[in-house]
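For reference, the structure discussed in these notes is given below.
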Amino acid sequence: MSEQGPLSKGLTLYQSQSQPSSSLFGLSTLGWDDWFAGQFAEHAAAGLIPARVVRVDRGFCDTLTASGAVRADSTAVTSLDPTYSVCTGDWAALRPGPEPEIVALLARRSAITRASSDRTSHQQVLAANIDSVAIAVSLSAPLNAGRIERLLALAWDSGAKPVLVLTKADAADDLDAALAVLTPLAPGVDIVTTSATTGMGLNLLSTTMTGTTVLIGPSGTGKSTLANALLGREHLGTNEVRASDGKGRHTTVRRELLPLPGGGVLIDTPGLRAIGLQNAADGVEQVFSEIEAYARDCAFSDCQHRSEPGCAVQEAVRVGMLDAGRLDRYRKLLRESERAASRGNARESSKQDKTKKAITRDLRATYQFRDRQR
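The numbering of the sequence shown is the numbering used here, which starts it at 1180 and goes up by one.
As structure tokens, this is what we get:
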């Protein structure tokens, strides 16, 4: 089987630890289970083998199979719509041989997606088939409540378990004060304080992350340094952040799946500048669960929580139980998600209309041809 292309050291590590190639047992370390096996039955009958996508290049993918690393042509599973195109973390049906080829993708169990950065109605999939979303938040820079809530909504909406990872704890001015700010922003979310420099919290983080974990956050939060600490080696490049504003430069330029020494895998991602939400109302409601709880006591089921009589949410703001800024951010994220969803629905409707028109044209041409033959 071909092993072309520059695969990471992590793949070599996995190959040395995996089971013999005659068994699929080694793939369980990468997240393979009965759910994916059930989907793969028809592909197995066609002589294809399962592979997990490690990294995506133009027209090619680095993958891991039961017998090791394979670089394969991915043209057949590349789409103009990024929602349906091959992505890091996907499970695929691979045709082995001198020129390996990915011919199909298995259905995704979960995926973390954001509104496309080109402001179209498309969604961009950041990682597929994930179990945990580790959100990196630097303690050496000012905390941005709106960005943290946005990332949490993105994580909850993926169907995976969010974990708030506080990095650079050794550089924190006041750790207790930071936790007092962050805890109300993340109801129901595990918060793990770490320092890659001292090793603080790394063992706890390893046990908190399960299965496949995607690491997300803006540049400068120490994601690559944290990933290297979890991997136990200097695999990913790192850069210093600017002292003036605490912002960093992209050191990770593409998404990559990396097997972890203790089992499971980590998907490292480039820093997120834009974090657009699309059709993520469920995730937003999960992040702002206390607002949803107050809303159940509103006098009207369609209350907008502005000036309606009997609004329990506004009453909570009035008595100091709910921060007015948090309510404003809740409204903003819901509006953004709904607008983006409307654009997506309009695109699908337009696509269906074009299909119907094409079918009508073909039928009309067929009838005209039959009439000429009479």
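Cβ coordinates follow ideal geometry from the N, Cα and C atoms, glycine included.
Helix, strand or coil at residue i [DSSP, three-state]
i     : result
D1481 : coil
S1521 : helix
I1454 : coil
K1533 : Any reading at K1533 needs caution, since the residue's pLDDT is 49, under 50, leaving its predicted position unreliable; the model's value is listed next. Helix, per DSSP.
R1250 : strand
F1467 : coil
D1476 : coil
V1360 : helix
S1486 : coil
S1202 : Any reading at S1202 must be qualified, since the residue scores a pLDDT of 41, below 50, and its modelled position is unreliable; the value itself is stated next. Three-state DSSP puts S1202 in coil, outside helix and strand.
G1236 : Reading the sequence as shown, one finds Asp at residue 1236 and not Gly. It is a strand residue.
R1433 : coil
DSSP bridge partner residues for residue i (one or two, in chain order)
i     : result
A1132 : In this structure the chain extends from 1180 to 1553, so residue 1132 is not present and cannot be described.
I1314 : L1343 and I1395
W1270 : R1231
T1244 : G1247
P1438 : V1444
Distance between residue j and residue i (C-alpha atoms, nearest Å)
i     : j     : result
L1259 : L1284 : 15 Å
E1278 : A1474 : 58 Å
I1159 : T1373 : No answer is possible for residue 1159: the residues shown for the chain start at 1180 and end at 1553.
L1394 : G1441 : 17 Å
G1390 : K1340 : 11 Å
L1322 : L1445 : 25 Å
T1257 : G1238 : 7 Å
T1400 : G1380 : 16 Å
G1210 : S1253 : 21 Å
V1235 : F1219 : 21 Å
G1478 : L1513 : It is worth fixing the name first, because residue 1478 is Ala in this sequence and not Gly. Their backbone Cα atoms lie some 21 Å apart in a straight line.
R1412 : L1439 : 11 Å
Proximity to residue i [Cα-Cα], best of the options
i     : options                       : result
R1505 : H1484, G1489, R1518 and E1517 : H1484
D1353 : A1324, A1406 and S1319        : S1319
I1454 : G1499, A1334 and V1498        : A1334
A1272 : T1242, L1343 and A1294        : T1242
Q1313 : A1472, A1478 and G1450        : In the sequence on display, residue 1313 carries Ala and not Gln. Comparing Cα-Cα distances from A1313 to each of A1472, A1478 and G1450, the minimum goes to G1450.
T1386 : L1409, P1397 and L1364        : L1409
D1349 : A1365, G1378 and D1369        : G1378
L1343 : D1336, L1439 and D1369        : D1369
G1489 : W1270, D1476, H1222 and L1345 : D1476
Host alpha helix (DSSP H) of residue i (start-end)
i     : result
V1492 : A1491 to R1497
W1214 : D1213 to A1224
N1407 : K1402 to L1410
G1325 : A1324 to D1336
T1387 : L1381 to T1387
Enclosing beta strand (DSSP E) for residue i [first to last residue]
i     : result
T1372 : D1369 to T1372
A1283 : E1280 to L1284
G1447 : Just to set this straight, residue 1447 is Asp in the shown sequence, not Gly. Run containing D1447: V1444 to D1447, per the beta strand (DSSP E) assignment.
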